[in-house]
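J.:
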Amino acid sequence: MTLRRVVVTGLGVISPLGNDPGTLFSRLLAAESAIRLITADGPRGQYSVIAAPVEFDPAQYFPPPQKTDNLDRVSQFSIAAAAMALKDSTIRLTDDDKRRFGVSWGTGMGAANTLEETYIQLLQRDPDRVKPMTVLTVMNNAASAHIAIQHGLSGPNLTYSCACSSSAVAIGEACRQIRHGYADAMIAGGAEAPLSFGLVKAWEALRVLAIPDRANPPASCRPFSKNRSGLVLGEGAAMVVLEEREAAIRRGARLYGELVGYGSSNDSSHITKPSVDGQAHAMSLALADAGLTPSDIDYVNAHGTGTALNDVTETRAIKQVFGERAYKIPVSSTKSMHGHLLGGAGAMEFVIALLAMHRQAVPPTAHLEHPDPECDLDYVAGRGRRDQNIHGIMSNSFAFGGTNAVLIARQTEQ
Amino acid sequence: MTTTLEAVREILVKKYSLPSESIKPEATLDSLKLDSLDLVETLFEVEDEFHIRVPQDGSINLKIATVQDIVDIVNRLVPQQIPAQLVSDH
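Protein chains in written order, with our numbering: chain A, 6 to 419; chain B, -3 to 86.
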């Protein structure tokens, strides 16, 4: 059976560096960081945390009479990004088309904000009752359900949760839905909104968060740098419209690239400690799926969290798969600027890698001033590079729990 | 003193921007375009307004069809759940 081919025709983001793909990408090229010290109200007064928050006015995306009372922040981001991606795709759907159009969404921690507010309400104020729509607000498929309802998309509707590779998995699995003919188009991606008091405390407790750079907070996340000290939490959503290639070409769609490879593996060794073999396995699977070799990849958007362990492990895994080519291609971690979007990271970074190919420009790894001898690839330190020659991109996503997901896209001739 | 119907009407007008005159006792929730989730939310507000708790009943949406059904529930529960002197103060 010949598999159908899948192209990306629409992009939408709600990101710490702006709420449209163009603004996000321009600011990344300029090495602008959205990371800052934020203060929020905690149970014992204000507390501060280093993070990459999103500037988001719900009223802009949910004009009256629409309401957001029963939508968690993570769903609000996702619905907004999905509408943006669909609009960007300029696709016009008949009723029949909608029956063949699905939604695939990923998140690590879902509607954590609402769950936390619910417990605070229940334990501190009223042990008797919570808001009537709590279940419908916190259920993990709320965002994908609302996207389907808003646009009338009655194809497969799927939610994936595998920590920091959730939305990469959502995109990869959506691609398979189209390839194998279960759907003709999918809107796919994911989101995270982890900046609630309880979740921030949970991440602090795990001791993986970066030490805030008091002199220069935006430089607190330093992937691949000798003086890296951990990850910085970010928030946001990214969604892409995937379509069967021939149909997209027939309707004259703008093609951001062809999604040619998806590799999925598990470390099956430790709940947090990453594995060179597990990551390399996912990259190799993605290349094999695409029918490509390392020489076809011209840019890697790294998982690059900025933790001590990830960056060395990923560097070794890239070298294991790419051999000498590992030293010849740019590999950057944009988490240095937009933070770690956890379940939303894979989709956000796939969008960024697609834009790198679409605009022939590579975003940098910011704040890389002290090279780590164990991280010896070209991480694009400093500012971004324009006028590149990029025909294929790889986007890496690795997760606690060991799920590795790698996406590969190539340029498509229109 | 506000009647139960008036208080229920006020809740529905405020929450769903319904015209006040449409909320007659015999009006069905369907005719007001209120679905099962709207009923759940309305009962939440009714609980607050009358300081009562509507008992858990998974088939309540089969038992409440009209505005009057809501009024009846309130009128039945208030004397059961609120001490007499508090009712007269309401």
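C-beta: ideal position from N, C-alpha, C; glycine also.
Predicted, not measured: the structure shown is a model, and the values here were computed from it.
(1) Tell me whether the stretch 31 to 50 of chain B and the stretch 131 to 140 of chain A touch, counting them as touching only if at least three CB pairs, one residue from each stretch, are closer than 8 Å.
(2) Let's see if you can read the secondary structure: which residues bound the alpha helix (DSSP H) around residue 283 of chain A?
(3) Tell me the residue span of the beta strand (DSSP E) that contains residue 332 of chain A.
(4) Step through the CB atoms of chain A and report whether any lies within less than 9 Å of the CB of residue 13 of chain B.
(5) Buried or exposed: which applies to residue 296 of chain A, given that a residue is buried once 16 or more other Cβ atoms fall within 10 Å of its Cβ?
(6) Name the chain B residues whose beta carbon is nearer than 7 Å to that of residue 137 of chain A?
(7) Classify residue 150 of chain A as helix, strand or coil using the three-state DSSP reduction.
(8) Quick check on residue 46 of chain A: does DSSP put it in helix, strand or coil?
(9) Within 10 angstroms of the Cβ of residue 240 of chain A, are there 16 or more other Cβ atoms? Answer buried if so, exposed if not.
(10) Does the pairing of the stretch 338 to 357 of chain A with the stretch 8 to 17 of chain B give three or more beta-carbon distances under 8 Å?
(11) The beta strand (DSSP E) that contains residue 408 of chain A, what's its start and end?
(12) In three-state DSSP terms, what is residue 37 of chain B?
(13) Which residue's Cα is closest to the Cα of residue 368 of chain A: A:343, A:319 and A:146?
(14) Do residue 60 of chain A and residue 118 of chain A come within 9 Å of each other at the CB atom, strictly closer than that value?
(15) What residue does the beta strand (DSSP E) around residue 16 of chain A start on, and which one ends it?
(16) Quick check on DSSP: helix, strand or coil for residue 16 of chain B?
(17) Run through DSSP, which three-state label would residue 401 of chain A get?
(18) Between residue 414 of chain A and residue 373 of chain A, is the Cβ-Cβ spacing less than 9 Å?
(19) Going by DSSP, name the residue or residues bridged to residue 244 of chain A.
(20) Taking Cβ-Cβ distances shorter than 8 Å, what residues in chain A pair up with residue 33 of chain B?
(21) Using only the alpha-carbon positions, how far apart do residue 66 of chain B and residue 10 of chain B sit?
(22) Assuming residue 370 of chain A contacts residue 338 of chain A (C-beta within less than 8 Å), just tell me the rounded distance between them.
(23) Looking only at DSSP bridge pairs, what is residue 304 of chain A linked to?
(24) Quick one: what's got a C-beta closer than 6 Å to residue 232 of chain A's C-beta in the same chain, skipping five residues either side?
(25) Evaluate contact between the stretch 310 to 326 of chain A and the stretch 385 to 394 of chain A, counting only Cβ atoms and requiring at least three cross-stretch pairs below 8 Å.
(26) For chain B, check one thing: does any of its Cβ atoms lie closer than 9 Å to the Cβ of residue 134 of chain A?
(27) Among A:48, A:293 and A:306, which has the Cα closest to the Cα of residue 129 of chain A?
(28) Answer with yes or no whether the minimum CB distance from residue 128 of chain B to chain A is below 9 Å.
(29) Under three-state DSSP, which class holds residue 422 of chain A?
(30) Which whole-angstrom value is the C-beta distance of residue 113 of chain A and residue 283 of chain A, which I expect to be below 8 Å?
(31) Measuring CB to CB, does residue 163 of chain A end up less than 9 Å from residue 175 of chain A?
(32) Is there contact here, the stretch 269 to 278 of chain A with the stretch 398 to 407 of chain A, by at least three beta-carbon pairs under 8 Å?
(33) Exposed or buried, residue 315 of chain A, counting other C-beta atoms within 10 Å across all chains shown (16 or more means buried)?
(34) What residue from A:396, A:418, A:412 and A:365 has the CA that sits closest to residue 34 of chain A's CA?
(35) Using the DSSP secondary-structure output, state which residues sit across from residue 263 of chain A in a beta bridge.
(36) Per DSSP, what are the beta-bridge partners of residue 336 of chain A in this structure?
T.: The structure says:
(1) yes
(2) 281 to 295
(3) Unbroken run through residue 332 of chain A: none, as it is neither H nor E.
(4) yes
(5) exposed
(6) 36, 37 and 40
(7) helix
(8) strand
(9) buried
(10) no
(11) 408 to 415
(12) helix
(13) A:343
(14) no
(15) 11 to 19
(16) helix
(17) strand
(18) no
(19) A:17 and A:194
(20) Chain order gives the chain A residues near residue 33 of chain B as 137, 138 and 141, where near means a beta carbon separation below 8 Å.
(21) Near 16 Å, if we compare the C-alpha coordinates of residue 10 of chain B and residue 66 of chain B.
(22) 5 Å
(23) A:398
(24) 375
(25) no
(26) yes
(27) It is A:48 whose Cα lies nearest to the Cα of residue 129 of chain A.
(28) No answer is possible for residue 128 of chain B: it lies beyond the span of chain B, which begins at -3 and ends at 86.
(29) For chain A, the structure presents residues 6 to 419; residue 422 of chain A sits outside this window and is missing.
(30) Not confirmed; about 18 Å, so no contact.
(31) Yes. Within cutoff.
(32) yes
(33) buried
(34) A:365
(35) According to DSSP, residue 263 of chain A shares a beta bridge with A:12 and A:415.
(36) A:305
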